[in-house]
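Asks: 233 is the number that our numbering gives the last residue of the sequence shown; the numbers go up by one with no jumps. In this text, a Cβ means the ideal position worked out from N, Cα and C, and glycines have one as well. It should be emphasised that the depicted structure is a prediction, and the values quoted were computed from it without experimental measurement. Questions regarding the structure given below will be posed in turn.
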Amino acid sequence: MNAADDKTIVREYFNSTGFDRWKRIYGDGEVNKVQLDIRNGHQQTVDTVLGWLKADNNLPELSICDAGCGVGSLSIPLAVDGAKVYAADISEKMVEEGKDRAKQTLENAENPTFAVQDLESLSGSYHTVICLDVLIHYPQEKADEMISHLCSLAQSRIILSFAPKTCALSILKKIGSFFPGPSKATRAYLHREADVVKILESNGFSLQRKAMTKTRFYFSRLLEATRN
């Protein structure tokens, strides 16, 4: 399967059955146990990023690109705390849901700025570029290209999350337990941390902080790197 097909699959999935499923997961309504576990895991990742950024005490001074923003789980609280946020996602339905949630939370309809864009078409320059739970949908070669492009948009910092490739998770994936049953999404690609760090370094960034979110069905390595 080539990269174009991967992108098409992701776009179509999150504009159809995947949208309803992940809208519930990223919401606060009733879901099954697996979806609740993934909701909690994703929220832990979001909370870690928010904690990192708030600890620096300069959010109102920052421009942030949330690449693959989904329904705005990160973009909206960043805007609440004063950051100028550009939020983009490949899924039109996800973006519309994000806009609706932002209107319910924020008085300023201009921030975050939401847009329907795939990652490669993003442009501009931002203090910080963040990409959470997107790379899992793409193989390593495509992920390398995506990370390099995101690095080109980041003035100072990039924050990424990905499903780490370990022996244990590789086995889970092979036996179909990574996203089981009705909670299964698109193909789940695992990435070696060393490979991700290498591509960051090749683009002039150095690792600063990292964290790991691990629940029963959600596994996410989070990396923060700053420009040298």
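For the candidate residues A193, Q145 and L227, whose alpha-carbon lies nearest to that of I204?
Replies: It is Q145.
Asks: Using DSSP's beta-bridge definition, name the partner residues of I135.
Replies: Answer is D71 and I164, bridged to I135.
Asks: Should P82 go down as buried or exposed, given a rule of 16 or more other Cβ atoms within 10 Å for buried?
Replies: Buried.
Asks: Check whether the segment 51-59 touches the segment 96-105, taking contact to mean three or more Cβ pairs, one atom from each stretch, closer than 8 angstroms.
Replies: At 8 angstroms Cβ cutoff, the stretches do not touch.
Asks: Is it true that the CB of C136 sits closer than 9 angstroms to the CB of G103?
Replies: Not closer than 9 angstroms, so no.
Asks: Using a Cβ-Cβ cut-off of 6 angstroms (strictly less than) and excluding sequence neighbours within five positions of F19, which residues of its own chain qualify?
Replies: These residues qualify, in order along the chain: S96 and M99.
Asks: According to the neighbour-count rule (16 or more other Cβ atoms, all chains shown, within 10 Å of its Cβ), is G46 buried or exposed?
Replies: Per the 10 Å Cβ criterion, buried.
Asks: List the residues that DSSP assigns as beta-bridge partners of S157.
Replies: Answer by DSSP bridge pairing: none, since S157 is not bridged.
Asks: Restricting to runs no shorter than 3 residues, where is the beta strand (DSSP E) found entirely within the segment 77-139?
Replies: Counting whole runs of 3 or more residues, the segment 77-139 contains the beta strand (DSSP E) stretches 89-94, 118-121 and 131-136.
Asks: Residues in its own chain within less than 7 angstroms of R221 by CB, not counting five upstream and five downstream?
Replies: Taken in chain order, the residues that qualify are D42.
Asks: Report buried or exposed for G34, applying the criterion of at least 16 other Cβ atoms within 10 angstroms of its Cβ.
Replies: Under this definition G34 is an exposed residue.
Asks: Could you spell out the range, first to last residue, of the beta strand (DSSP E) harbouring F210?
Replies: It spans F210 to K219 - the beta strand (DSSP E) in which F210 sits, taken as one unbroken run.
Asks: Quick check on L195: does DSSP put it in helix, strand or coil?
Replies: In the structure shown, L195 sits in coil (DSSP, three-state: anything other than H, G, I, E or B).
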